Structures are given as structure tokens and as C-alpha cells.
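The structure appears right after this line, and notes come after that.
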Amino acid sequence: MKRISLVLLSLVLMAAAASHPAQAAPKKDGRPNGGSLSYGEYGRPATLDPVTSNEMISLRLTELMFNGLVGINEKQEIVPELAEKWERSPDGRTYTFSLRKDVTWHPREGEETKPFTADDVVFTYKIMMHPRTITPLKVRYEFIENVEKLDDHTVRFTLKRPILNALAKFSFKVIPKHGPSNPLYLTRDDAFVQNPIGTGPFMLKNITAEREIILVANENYFKGRPHADKFVAKPFADQNIMTQALMFNAIDMIVLVNPRDIPEIQGDKRFVLQPYNALSYSFFGYNARNPLLADKRVRKAFTYAVNRQEMLDSFFNGQGTIISGPFAPGSWAYNLDVQPAAFDPQKAVALLEEAGFTRGADGFMQKNGQKLTLSLKVPIEKESEAVKRVVLAFKNYLKNIGVDIKVEFKEWQAWKEDVFLEHDFDVIFASWVFDDSADISSLFHSGEIGSWKNNFGGYSNPEVDGLINESKLTLDHEKRRTINRKLHAILAEENPYTFLWTLTNYAGYHKKVRRVAIHPYKFFSYADEWFMEEKDQK
Amino acid sequence: MKLSAIRPIALVLSRELTITALLLLGVSFVVFIILYLSPGDPFSVLLEGQVSTEEAREGLREAMGVPKSWYSQYLSWLTNMLQGNFGTSVRTGLPVLQEVLRMGLNTVVLTIGSLFITLLLAVPLALYSAVRGTDRISWPLTMFSYVISALPVFWLGYIVIYFFTHKLGIFPMAFGYSSGGSGSAWLYALLPIFVLGIGNGTVSEVIRFLRSEMSRVMAEDYIRTARAKGASVWKHSFKEGLLIPVTEIIASKIPFILGGAVIVEQVFNWPGMGKMAWQAAQDRDYPVIMGVAILAAVLVRLGSLFQSVVYVAVNPRASKE
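For the protein sequence lines, the chains are F and W, in the order given. Per our numbering, the very first residue in the first sequence carries number 18; after that it's consecutive. Per our numbering, the very first residue in the second sequence carries number 726; after that it's consecutive.
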């Protein structure tokens, strides 16, 4: 499903700022090395470096090839990666990282292996922040004032002001100083973006003529050689074919199984279907610029009118969770005390009548002789079958309460212009994807109304603005949680969107691949631990 | 070939090349205007995943050194293009010319392969029915080929995949078309070539056209004379009845086949120009779209150039027309 992707600030993770001893070089877990794993991707990645790339396909690949100063383990704790320990100054404004001394960059042919040093960290930061580098990372690191190299294996970051959970942000991937050809900034013309080297468990071997990306094990990986010999990313134009390819053993893994294909994979003993948390949700968003929709009772009526559980069950095999508010249910900010409104068309009709509408002779609601007719704009997507059904179901549900919905499918870019630039719509169907943060300020703050800004519906509420501002300033996690719970309750009542659901993501893979742990959106964070028994290695 | 035979060809070539240059200029201009007027811009793909404010867009445009007005954008593209620089893809940063040629080669394989299939099916049928008239053998075959031709290629593509790879397992399941063993890669290539060859409405048109041409030639006086003399009818009718119509068909069908290739490449995950164009259109990757349009126009012109050359080679007088 195509989504509006969103970069949000402030990572969630809480962690002890403690030091951990470095791990030994070879993996001594007694699990066999060897075997090749190929997985299907939804297209060809544009770039392969962690700086210029801005899509999920590249994000997954960079996770295999690069490391950050810190990493995040399966329990969502911050753990050392390229930095072996760190220190936070008492005022919370400086972070000093001691780097591992045993890390080397992937070797380039005919070149000597180069060690990873503090220069690379400083270089990466400077590249990211250079005005000519186009990267979604920039906005996330504006809180840093300065970075300096203290010695070859120590770097110090100075923050503009202390922020909550700053440490988690140092998980940005480090690139080598000797990598890009331009020492100041990185653009997509640089050869490095197609042929990068990193410090990660796998290194890029080559890209075939068909744009398959072949990665091989990094023998010198500082956490020990990864178990698998080879990772291959195969691009597919068509989702239907991807599931078939898994069934015919042309690939070993699908990172995100099409909901429609879940039963097929589930019923096959050769495969494992593994759910993982998705930090995203779908919604119907309303344009508050339309006076009809500016009335909260109308928006609320729509939420009561749709049977979300029925849609989820019949179009997505029930694989998901109905939500009541603006956060993904996996998030710490989600308020479980707020229940999703139950399906209640009578209440919906009552609300509309309260808002001054009466049923006309044609069965449609009207006010002052004006029929309640709204346009619903939906972006055309590659796999649009489920989306189409949701949209048509919405039309039907609203028809039952006397609202006429005109559905209009639009091409992605044209849709984005209509919604984010022209604001020419009444209702949209879309989803937001979050990273593991819970910053919704750009979605509902009135300061975010305008061209290409995220508050596309023009929703404005001083109370919400106040809470968002307060939440941004606080350094206390518990306090921020309380604020977010309050925000959740208000927005659930206000219905700037009809919040729908978070779908459960499923990875499907051949059961020969063992010990598979999956990161919610980076996916391959723990792939160096995956292994195959010798008999399964082909 | 004698010099006197080469001269008219050279004449035709120079005329055709001039037309081609003008045509390419026109194509590039029209394509650019359509792109410029369509919603969205190439910056969106770079800004995907971040808050894309108006300022961010403006900053991006400046950082990439893209001129503001449409005519300076077009002129700078044109100037670079004339120096052989087609720019780099906005999405991947790869040089457009190199990528388009690399992908174009795959599409040329698909196009020529499918043309070959089309001719292989259509020529014997057309000749047979031109000479013998419609009979019990040619009628059902012709009808069958008409039906197949009428099927949309995307549907035909899925049906073929379903039968040959799922049900029968004859062809490799390696969608995306190889992995390790390149030995079977060519086998996979057969499917899209076959689909594009028999579908896409080409076979039926070729049959119709060839049959009527051949029948017309067969009725000509000089054929009757040849027949009366006892000379070979085939030898006399070959040039006008078969060679010229076939080259004409090749030339005129290339644009249609390229159009069909966009769909077939998508269905079969074929890494060609059509798929590239589709992706580029979604990303509003202007340099790539322009590059693909130019290459497609060149291919179409090459087709008609080929036709003119053959025509003149067969009939030197035509160069003076």
C-alpha cells in the first residue's frame, strides 16, 4: 500500500547510558555459517547509501551494509555499535562517544582495508547537514550544534539544547570519509550512492543487469561474521508474482506479504509467517475548510457510520487493530483507555440531525436546501484492490446515513498536489507511516497549515496547539506521555480524521532460515544473526 | 552493388536524416511541454519521506541548479543534449543516456523478437490465402489469429504465465529474469517475446495487409505475362508483393510494438525501456522521460529509414519522387 511517509522527530527509546564491553570478533554461538538468502522487493532502490536514500527499499538495504554509533536491540534498548561507550554531560548538552578500534570499512578492490575513525563520524555529520545534500535526515539532526573530533577514536557532539532521548538519534548510519568523491556534500550523481561501502555485516558485491542487488558476508564484521554468505534483493514489478515466486522457491523471503496472500502462505508448511509491528495507520482525513466538515458533529457522525471491524475483517483478513486516535497502537503514546467508537449508524444520523441536517425526499441529508455531497480523493496504487474495496465500503456506509460520496481516483503526484497544495478535496483516504517516534505535531498543529505542509485538512484547535507545544518542550518522558494521552483523547473526540486501523505486517519466509528477528521498519537490523542449517544451505 | 545503385540510397538517407533531426527536436519539445504542464515535479521524489514545504522545494531547485522558467529549463536540457549529455536521472543519479541505451537494448530484443514471431505466423498464412484464396485450412487459422490478436496483451501475458510456468512448469519461475544460472535466462525471454508477437493486434493486421498486397500483385499484368512465359511467378512477385509490404509493416508497427512493450515489460518484469518509462513517469523523472522519448523516436525513425532504403534499393526511381 502506498503511503505518505513521514519523518518525525524524537525517537522513543529509553536506555541506560551505560557502557558495554565490545564483543569478540567471530560469532561463537555454535550456529553454522553459509547459505544464501534472496528476498523480494517492491521495486528497485534508487540509491544504496544511507544519506540520500529516502524509501523503504533502500532503508532495508542500508541496514545490512552500515552501522550507527548506537543501535537498537530486539527489546528496543539502545546498545553500543560503532561507539563502545558514551558519556553525557550533566547539563545534557554534550555527548562524548568512544569509538571501537576494531572496525574496518568494506574493502574496495585494489585498495587496502581502511579503519573506521572519528574522522568518518565528523564527515558523515557534515555531509548530512550540507545544504546541497538532499536528505530526509537533515531535519532530524538540526538539534546538534557542533561535532568535534577529540582524537582518532573519540567524538563529541554538542547539542543546541538538551532534548529528550537524544541518544537514540545517534543511530544514524556512518559513511566513510574515503567513500564519496565529493568531500563536502553528497548528491545522487555521486558514484558512491550506487556503489557504497560501509561497516555492516554485509557488503555490496554487485548489481546485476536486472538490478538484483547482491550482498556478501563481511568476513571482518566487528560483531563477528554474519551467518549467511549472501543476501540477494530481487525487484518485482508485481506483488502477485512475488508470492508465487516464494511458493516456487525463486525467493526465500518476502519482507511484507500482501494481506490477500496471507492465507496461502499460512497454509503451506514450508513457510513461516512472522508478524511484526507496523508504526503506521490508515485514516479518512477531512478538509475542515469545507464549512460542512468544519462541524465536529458531522465528522463524528462519519466515524460512527463506518463499520471498521467489518472492513478490516473482510478486506484484510482481520490482520490488524482498530485504532481510536492519532498514534500507532504499538507506540508508547497510544492511549489504550480511549476506545474506538462503535459502529452506530443511528447515532450518526442523530448527530447529523443535531448539526441541522434533514433527510430529503431522495434519501440524502440536506441543510438549507443543499445536499450533503462530498468528494473523496484516493491515490491510485499498484495494489489497489483492498483500497478500492475500503473506499467503496465507505461510500456505502455513508450512503446509509444519507451522505453522497463522489469517489475520485487520482494518480499519486496529482493526488498529492490536490491534497497538499491546492487543498481541493473533502475527504481523503491515506495512511501515515511513522518511525519509532510519536510526534504528531506536524499533522494537527495549526502552524502546519499551508502549501505542502502536513496539516492538509486545515485542522486548527488552540488546545491541541498548546498541548503539542508543551510536549515538544518537555524533557520528562512521563510528562510527555501524559500530554500525548491527553492529545489522543481530544483528537479521538474531535475526529479531524476517522482513524481506521494499523495493519499487522507479515514477513513470509522459508522455514530453513532460522532465528529471524525483525525490526519494525528497518527490517534487517538483526540479520547477521539469521542462519541456515547446513542441510538447508542448498 | 553498383555505384549507380548506391547514389539514390545516399540521397534518401540524407533526406531522412534531416527529417529525423527536425522530428526529434519536435518530439523533445512536445514531451517537455506535456511534462511541464502535468501535475507534480521531479523534486517530489527526492522530498519523499520529509516535510516538503515550499521552502524545501525552492531550496532543492536551487541546490540542483535547475532554472526557474520552463524555457530556460528546456533550453539548458537541449544544449546539454546536443553536446551528448542527457543528464542524470533525478531518482537514481545514474547517467540517462547510458541507462536508456542499456534498457533500450532489452527492449530492442523484445521488439525485434516479437516482430519476428509476428512475421513467422503472418507471412505464410497471408501468402497461402493470397495464392489459394480462403479455404478450409487458411480460414480457421486466420480466424484464430484474429482472435488472439484482439486479446489485450496484459491479459494474454498473465494467461501465458499461468499456463506455462504455473501449470506446466516449462519456463523458469525466475521472474526478474535470472539468478546465477544464466543458462535459462533466454528461455524466460521467450515468453514476453511470444506474447508481444502474437498479441497486441499485430498479427491480424499483417495478415490482412500482406494478403491484399500479394493479391493485388498477383493480378498485375506483368505477373500474368510471367506466368504465360512460364517464368517463376514467385521471383516476379517477391519484391513488390512481399519485400516492400513487409518492410512497410515493420516500419509502421514499431511504434505499436513499443507501446505494447510498456505493458508486456510490466507484466513480465522485463527490465526494458517501457518499464523504465513507466517508473520515470511515476517519479516525474524528467531527464529519463526525455531520454526514453528520444530513443523511442529514434527507433521509430530507424524503422522508416530502413523501409525507405529498402524501397529505393528495390526501385531506384523512387528516390527522385
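The beta carbon of each residue, even a glycine, is placed where N, CA and C say it ideally should be. Nothing here was measured: the structure is a model prediction, and the numbers come from that model.
The three-state reading of DSSP puts F/K247 in strand, counting E and B together.
For F/F332, the enclosing alpha helix (DSSP H) starts and ends at 325 to 333. Exclusion of the five residues before and after W/A851 leaves I932, L935, R936 as the residues of its chain whose Cβ lies within less than 6 Å of its Cβ.
The beta carbon of W/G818 falls within 8 Å of a beta carbon belonging to chain F, placing the residue at that interface.
Annotation for F/A544: E80, L81, P218, F219, P243, A245, F248 place their beta carbon closer than 8 Å to its own, counting only its chain and skipping 5 residues before and after. Per DSSP, the continuous alpha helix (DSSP H) segment holding W/P865 begins and ends at 863 to 875. Apart from sequence neighbours up to five positions away, the residues of its chain that approach F/K177 with a beta-carbon distance below 6 Å are F160, E162, ordered along the chain. Contact residues of the region 992 to 1014 of chain W toward chain F are V992, N994, P996, K1000, Q1004, Q1007, R1009 (C-beta to C-beta distance below 8 Å).
For W/S769, the closest Cβ of chain F is nearer than 8 Å.
Using a CB distance cut-off of 8 Å, F/A431 counts as an interface residue toward chain W.
In this structure, F/L353 sits away from F/I339, with a CB-CB distance that is not shorter than 8 Å. For F/T519, the uninterrupted beta strand (DSSP E) run begins and ends at 514 to 520, by DSSP. In the DSSP annotation of this structure, W/S940 is not part of any beta strand (DSSP E); the continuous alpha helix (DSSP H) holding it starts and ends at 927 to 943. Residue environment analysis places W/Q808 among the exposed positions, since fewer than 16 neighbouring C-beta atoms fall within 10 angstroms of its C-beta. Restricting attention to beta strand (DSSP E) runs no shorter than 3 residues, the region 342 to 387 of chain F encloses them at 382 to 384, ordered along the chain. A buried status is given to F/F83, since no fewer than 16 other beta-carbon atoms sit within 10 Å of its beta-carbon. Chain F places a beta carbon closer than 8 Å to that of W/E779, counting this residue as a contact.
Taken through DSSP and simplified to helix, strand or coil, F/M549 comes out as strand. Within 9 Å of the CB of W/E824, no CB atom of chain F is found; the nearest one sits about 11 Å away.
Annotation: W/T950 has no Cβ neighbours in chain F at a cutoff of 8 Å; minimum Cβ distance is about 56 Å. Taken in chain order, the whole alpha helix (DSSP H) runs of length 4 or more contained in the region 389 to 463 of chain F are 402 to 417, 429 to 433, 458 to 461.
Here the alpha carbon of F/I258 sits roughly 20 Å from the alpha carbon of F/Q291. Ranking F/A208, F/F187, F/F461 by CA distance to the CA of F/L99 puts F/F187 first. DSSP lists F/T111, F/N163 as the bridge partner or partners of F/T175. Between F/S542 and F/I89, the gap from beta carbon to beta carbon is short of 8 Å. A check of alpha carbon separations from F/K539 across F/S70, F/D46, F/L54, F/F548 identifies F/S70 as the nearest.
Close partners of W/R782 in chain F (Cβ separation under 8 Å): W469. Within a 10 Å sphere around the beta-carbon of W/W880 sit fewer than 16 other beta-carbons, which makes this residue exposed. Note on geometry: alpha-carbon atoms of F/T175 and F/S106 lie some 10 Å from one another. For W/G765, the closest Cβ of chain F is nearer than 8 Å. Selection F/N413, F/R314, F/Q383 evaluated against F/L368 yields F/R314 as nearest (Cα-Cα).
Residues of the region 185 to 215 of chain F with a Cβ closer than 8 Å to any Cβ of chain W, in chain order: T204, R205, D206, D207, V210, Q211. Cβ-Cβ separation between F/K102 and F/D136: approximately 19 Å, too far for a contact (criterion under 8 Å). When the Cα atoms are used, F/K190 and F/Y142 turn out to be separated by approximately 10 Å. For chain W, the residues of the region 126 to 158 of chain F that bring a beta carbon within less than 7 Å of one of its beta carbons are P148, R149, I151, P153, V156, in chain order. Rounded to the nearest angstrom, the Cβ distance from F/G475 to F/R306 is 5 Å, consistent with a contact under 8 Å.
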